[in-house]
Amino acid sequence: MKKIILLITISTLLSCGKKLDLKPDSTLVLPKTAQDFENLLDNTGVMNITPALAQLSADEYYITSFTLYQSLQDPIIRNAYIWKPDVYEGETQLGDWRAPYAQIFYSNNVLDIMSTQDITNDPEKQRIKGWALFDRAYAFYALVSNFSKAYNRQTANTDLGIPLRLSSDITMNVPRSSVEQAYDQIIKDALESSKLLQQDIITGKKNRPSKVASYALLARVYLSMRDYGQAELYADKCLALYSKLTDYNSLEIRRGSSFTYNSEETIYFTQQRVDYDRVTYGSGGLYSVDTALISLYSASDLRKDIYFTSNANG
Numbered sequence: 001m002k003k004i005i006l007l008i009t010i011s012t013l014l015s016c017g018k019k020l021d022l023k024p025d026s027t028l029v030l031p032k033t034a035q036d037f038e039n040l041l042d043n044t045g046v047m048n049i050t051p052a053l054a055q056l057s058a059d060e061y062y063i064t065s066f067t068l069y070q071s072l073q074d075p076i077i078r079n080a081y082i083w084k085p086d087v088y089e090g091e092t093q094l095g096d097w098r099a100p101y102a103q104i105f106y107s108n109n110v111l112d113i114m115s116t117q118d119i120t121n122d123p124e125k126q127r128i129k130g131w132a133l134f135d136r137a138y139a140f141y142a143l144v145s146n147f148s149k150a151y152n153r154q155t156a157n158t159d160l161g162i163p164l165r166l167s168s169d170i171t172m173n174v175p176r177s178s179v180e181q182a183y184d185q186i187i188k189d190a191l192e193s194s195k196l197l198q199q200d201i202i203t204g205k206k207n208r209p210s211k212v213a214s215y216a217l218l219a220r221v222y223l224s225m226r227d228y229g230q231a232e233l234y235a236d237k238c239l240a241l242y243s244k245l246t247d248y249n250s251l252e253i254r255r256g257s258s259f260t261y262n263s264e265e266t267i268y269f270t271q272q273r274v275d276y277d278r279v280t281y282g283s284g285g286l287y288s289v290d291t292a293l294i295s296l297y298s299a300s301d302l303r304k305d306i307y308f309t310s311n312a313n314g
């Protein structure tokens with residue numbers, strides 16, 4: 001909360017023009033240096049969280065009984081599971097909406113302040129600008145994927161998209177874009193980030209994007225748009241830079257996850273919001289993997305024991 005309050009203060013000061021230089025409170029530190037910007041974007045509790053709605057409504061699991069379904073206290077989990085038209089039932093505090101917009105707010109603050117600086121000959125700040133653009137694109141993509149219709153070339157110009165906040169000014173009233181405009185902005189940000197970010201993935205800091213991650217994001221976005229030629233192009237660009245695979249024989253099979261934040265195949269790290277962790281992390285017998293899915297794995301397939309754990313229902 002303190003971090004968000006600080007950023008709101010930054011946003012207010014930015015809107016005051018020349019007053020920014022006056023620093024009415026001598027103890028107030030405004031982001032200015034590359035390290036300042038990194039500190040904002042390195043806040044993994046804000047910047048590396050992804051929505052959980054898609055997981056809640058996925059078809060690879062089932063709730064083992066109607067009684068257990070009724071026992072779920074959170075109506076959003078119940079409603080998402082059955083694909084109820086009104087998932088949120090009037091709830092206004094939507095975590096899957098707020099989390100990406102918090103990321104966009106942080107990114108916009110970095111981009112707005114950088115726009116007042118000459119970073120032409122500062123490769124470190126250019127890299128960080130690419131980082132902020134990637135984070136904004138990633139957040140916009142999460143939002144349009146969950147709160148808009150799927151991309152359809154025939155209707156994308158009229159289908160409602162999302163508010164495209166491109167400024168840290170919180171007083172601006174931003175209307176919903178079209179789906180076409182949303183995807184155009186995502187691609188624009190991701191493409192620019194791919195030109196500014198470093199090529200190498202930073203070991204131990206995979207919360208930070210790279211050129212590899214930008215290409216992977218573009219491939220995924222174009223795949224969502226059914227533009228398979230562009231999806232293939234950027235998937236190839238991604239794999240040309242980084243194509244490491246994990247030897248599953250080397251993994252320790254354990255309850256929870258056999259993969260770590262720094263797993264070899266990971267090119268960019270995020271994690272789902274933990275509000276619905278009974279679905280995404282541990283179910284205690286409440287959920288089971290769909291039998292049609294689990295039957296696809298042979299008894300000797302290492303993925304079966306690595307991806308899934310047994311519960312009381314098998």
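Going by UniProt numbering, the sequence shown opens with residue 1, and the numbers climb by one from there. In this text, a Cβ means the ideal position worked out from N, Cα and C, and glycines have one as well.
Neighbourhood of residue i by C-beta, 8 Å cutoff - its chain only, sequence neighbours within 5 removed
i      : result
Trp83  : Ser57
Ala54  : Ser145 and Asn146
Gln199 : Ser210, Lys211, Val212 and Leu241
Residues bridged to residue i [DSSP beta-bridge criterion]
i      : result
Ser288 : Tyr62
Pairwise C-alpha distance: residue j and residue i
i      : j      : result
Leu218 : Lys149 : 19 Å
Leu160 : Val289 : 34 Å
Phe147 : Asp86  : 12 Å
Gln70  : Leu286 : 11 Å
Pro24  : Pro31  : Its pLDDT being 43, under 50, Pro24 is placed unreliably by the model, and the measurement read from it follows with that caveat. Cα to Cα, the separation comes out at about 16 Å.
Leu245 : Tyr268 : 14 Å
Ile294 : Leu302 : 12 Å
Thr120 : Leu196 : 11 Å
Thr158 : Arg176 : 11 Å
Whole-Å CB distance - residue i paired with residue j, under 8 Å assumed
i      : j      : result
Tyr151 : Tyr183 : 6 Å
Pro163 : Val174 : 4 Å
Ile49  : Ala99  : 5 Å
Ala231 : Leu239 : The pair is not a contact, with the Cβ atoms about 12 Å apart (cut-off 8 Å).
Residues near residue i by beta carbon distance below 6 Å, same chain, minus five either side
i      : result
Ala190 : Ala137, Ser214, Leu217 and Leu218
Gly130 : Ser193, Leu196 and Leu197
Thr67  : none
Same chain, Cβ closer than 7 Å to residue i, five either side skipped, listed in chain order
i      : result
Asp305 : Ile253
Reduced DSSP secondary structure (H/G/I, E/B, other) of residue i
i      : result
Pro123 : helix
Ile201 : coil
Ile49  : strand
Tyr176 : The question names Tyr, but residue 176 is Arg in the sequence shown. Strand, per DSSP.
Gly161 : strand
Gln271 : strand
Ala149 : Reading off the sequence, residue 149 comes out as Lys, not Ala. Three-state DSSP puts Lys149 in coil, outside helix and strand.
Gly90  : coil
Ser168 : coil
Asp135 : helix
Heavy atom of the ligand GDP within 7 Å of residue i beta-carbon
i     : result
Asn39 : The ligand GDP is not part of this structure, which contains no ligands at all.
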